[in-house]
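Asker:
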Amino acid sequence: MKKFFLLLCLVAFISCKPRNTQKTEQIDTSQEEIQQSEVKEELHSKTDDKSEKNKTICYMYVNTIGGIVLRSDPDEKSYNIKSLLYKEKVQVVSRETQSVAISGVTSNWYRVRTEDDLMGYVLGAFLESNKEDLDFIEKYTGDFYLNEESDKPIISIKYLGTGEVSITAKPLHLNEQTENKSIYTILSSDEVFKCDLDGTATIQHNFYIKDDKLNYDYYYGKRREDDDGNLYYDETSKNYVLVKKGKNHLLNYFIDNFTGEFAKENEPQKTVAVINQISDDIFHINLTWKNFVGQYHEYGGDFSFSAVQDKNKVYEYSAEGGFTQVYFKVYLEDEKLKYKVACYKAYLDDDMNITEEYREDEVYTLIKIK
Numbered sequence: 098m099k100k101f102f103l104l105l106c107l108v109a110f111i112s113c114k115p116r117n118t119q120k121t122e123q124i125d126t127s128q129e130e131i132q133q134s135e136v137k138e139e140l141h142s143k144t145d146d147k148s149e150k151n152k153t154i155c156y157m158y159v160n161t162i163g164g165i166v167l168r169s170d171p172d173e174k175s176y177n178i179k180s181l182l183y184k185e186k187v188q189v190v191s192r193e194t195q196s197v198a199i200s201g202v203t204s205n206w207y208r209v210r211t212e213d214d215l216m217g218y219v220l221g222a223f224l225e226s227n228k229e230d231l232d233f234i235e236k237y238t239g240d241f242y243l244n245e246e247s248d249k250p251i252i253s254i255k256y257l258g259t260g261e262v263s264i265t266a267k268p269l270h271l272n273e274q275t276e277n278k279s280i281y282t283i284l285s286s287d288e289v290f291k292c293d294l295d296g297t298a299t300i301q302h303n304f305y306i307k308d309d310k311l312n313y314d315y316y317y318g319k320r321r322e323d324d325d326g327n328l329y330y331d332e333t334s335k336n337y338v339l340v341k342k343g344k345n346h347l348l349n350y351f352i353d354n355f356t357g358e359f360a361k362e363n364e365p366q367k368t369v370a371v372i373n374q375i376s377d378d379i380f381h382i383n384l385t386w387k388n389f390v391g392q393y394h395e396y397g398g399d400f401s402f403s404a405v406q407d408k409n410k411v412y413e414y415s416a417e418g419g420f421t422q423v424y425f426k427v428y429l430e431d432e433k434l435k436y437k438v439a440c441y442k443a444y445l446d447d448d449m450n451i452t453e454e455y456r457e458d459e460v461y462t463l464i465k466i467k
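Note that our numbering has the sequence shown beginning at 98, numbered continuously upward.
This is how it looks when you write it as structure tokens:
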């Protein structure tokens, strides 16, 4: 009987062991499923975030010929990552909620990603949301005339920034009219400016874009009476394809702000650069540099406005003489004229090794003094 009881206990113990193992495996499997579920939810969440970002991707373009600086933080004194060129495309990642005023410009900082995958901050005032706006600015801002012989513009269009232009029209037989309008509105309808007057006569003035040209339609109609007392309508209508004369808006801006005499911001009494216009698109720069032994040297050369638009570069020069090398660069950055000077002298030390000693390696901000 005792043996039979022991045998029964042994069978019960053996039969219980696999059931416990199964239970443990079920628990482990359940925990693994929970972990996999959490991972899937996390991945799903990331996927949703990504798709949401894709929905809100916004690209903008640098709208100033001077280019802008991509900075490491939303602060004008933060690290200069690189210079962004005119019309360069960036992806807007976010925008700071507080606006700031810097050098007369009030705007928010935008966090952007460049096409070479650099991330940084720029002022939103120097960005344009539509590249077509930049093309419009180049083509349709300035003074437009009825023909080449006209000495007064019939319409003038000036870019105000942030996608708006100021229009000053002087239609035939009408006083001067002004209006501010968004470039988007103009491009949506091709209508630039319109003015209709109804009284003893009907006068219609319509400025619009057609075939990439600025057109002006003029209509005059008046009810008249002939000698027999019969009424008739006297009508005159004309179409003009307007002629743009003189400089474009960007070139005018460069002439107004970046020609003349310039000094270092920290030494405003001493002229170090003079920029003069010598033809429609060509300018000349003279630079005065004081070397490390107090001697003055002059450098200079011609440059084109087209080169400024393409690379923000005004002038660049390097020269070697003996063991001395100098390098100068004048360029636009953040709507300011910058002057980089680098000069070093090489010499042999006691062990006859060539050593380079920098005497000057600075970037100066130039201010216009005349």
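Think of the CB as a built atom: it goes at the ideal place given N, C-alpha and C, for glycine as much as any other residue. Here the structure is a predicted model, which is why all the values come from computation and not from measurement.
1. Buried or exposed: where does R321 fall if 16 or more other Cβ atoms within 10 Å of its Cβ makes it buried?
2. With H, G and I counted as helix, E and B as strand and the rest as coil, what does DSSP make of N160?
3. So what does K394 bridge to, in DSSP terms?
4. Quick check: the Cα distance between T223 and K410, rounded to an integer number of angstroms?
5. In chain order, what residues of the same chain have a beta carbon less than 8 angstroms from the beta carbon of V371, not counting five sequence neighbours either side?
6. How would you call H270, buried or exposed, if buried means at least 16 neighbouring beta carbons within 10 angstroms?
7. Applying the criterion that 16 or more other CB atoms from any shown protein chain within 10 Å of the CB defines a buried residue, is N244 buried or exposed?
8. Just verifying my parser: in three-state terms, what is the DSSP assignment at N303?
9. Quick check on V262: buried or exposed, where buried means 16 or more other Cβ atoms within 10 Å of its Cβ?
10. Kindly provide the ranges of any beta strand (DSSP E) runs that are 3 or more residues long and lie completely inside the segment 168-246, ordered along the chain.
11. Report the rounded CA-to-CA distance for T194 versus T203, giving the unit in angstroms.
12. Identify whether D287 lies in helix, strand or coil by the three-state DSSP scheme.
13. T356 by DSSP, collapsed to three states: which one?
14. Quick one: is K387 buried, meaning 16 or more other Cβ sit within 10 Å of its Cβ, or exposed?
15. Rounded to whole angstroms, what's the CA-CA distance from Y350 to T161? Just pull it up for me.
16. For I280, does the three-state DSSP call read helix, strand or coil?
17. Given this structure, state the Cα-to-Cα distance separating N472 from Y183, to the nearest angstrom.
18. For the candidate residues G164, D314, K310 and D308, whose alpha-carbon lies nearest to that of Q301?
19. Could you tell me which residues DSSP puts in a beta bridge with A266?
20. Report all residues from its chain with a CB closer than 6 angstroms to the CB of T299; omit the five preceding and five following residues, and keep chain order.
21. The alpha helix (DSSP H) spanning Y403 covers which residue range?
22. Could you compute how far the alpha carbon of K433 sits from the alpha carbon of S200?
23. May I have the straight-line CA-CA distance separating E173 from N336, to the nearest angstrom?
24. State buried or exposed for Y393, treating a residue as buried only when at least 16 other CB atoms are found within 10 Å of its CB.
25. Which residues in the same chain as I466 place their Cβ atom closer than 8 angstroms to its Cβ, once the five residues preceding and following it in sequence are excluded?
26. For the beta strand (DSSP E) holding G318, just list the boundary residues, first then last.
27. For the beta strand (DSSP E) containing T333, list its first residue and its last residue.
28. Per DSSP, K555 forms a beta bridge with which residues?
29. Just mark Y330 as buried or exposed, buried being the case when its beta carbon has 16 or more other beta carbons within 10 Å.
30. List the residues that DSSP assigns as beta-bridge partners of F351.
31. Could you tell me the distance, in whole angstroms, from the CA atom of D448 to the CA atom of C440?
Answerer: Taking the definition as stated:
1. exposed
2. Three-state DSSP puts N160 in coil, outside helix and strand.
3. It should be noted that the sequence gives His, not Lys, for residue 394. In DSSP, H394 forms a bridge with W386.
4. One point to set straight first is that residue 223 is Phe, not Thr, in the sequence displayed. Distance from the CA atom of F223 to the CA atom of K410, rounded to whole angstroms, is 18 angstroms.
5. G357, E358, F359, I382 and N383
6. exposed
7. Under this definition N244 is an exposed residue.
8. strand
9. It counts as buried.
10. You should have 177-181, 186-199, 202-211, 216-220 and 239-242.
11. 13 angstroms
12. coil
13. coil
14. exposed
15. 10 angstroms
16. Correct three-state label for I280: helix.
17. Absent from the model: residue 472. The displayed extent of the chain is 98 to 467, so no value can be given.
18. D314
19. I252 and Q274
20. G318.
21. According to the sequence provided, residue 403 is Ser. The question's Tyr does not apply to it. Its alpha helix (DSSP H) spans residues F402 to K408.
22. 10 angstroms
23. 50 angstroms
24. Counting Cβ neighbours within 10 Å, Y393 comes out exposed, since fewer than 16 surround it.
25. G357, E358, F359, A360, P365 and T368
26. K310 to E322
27. L328 to V338
28. It is not possible to answer for residue 555, since the shown part of the chain is limited to 98 through 467.
29. exposed
30. Note: F351 sits in no beta bridge, so no partner.
31. Across the structure, D448 and C440 are spaced so that their CA atoms are roughly 24 angstroms apart.
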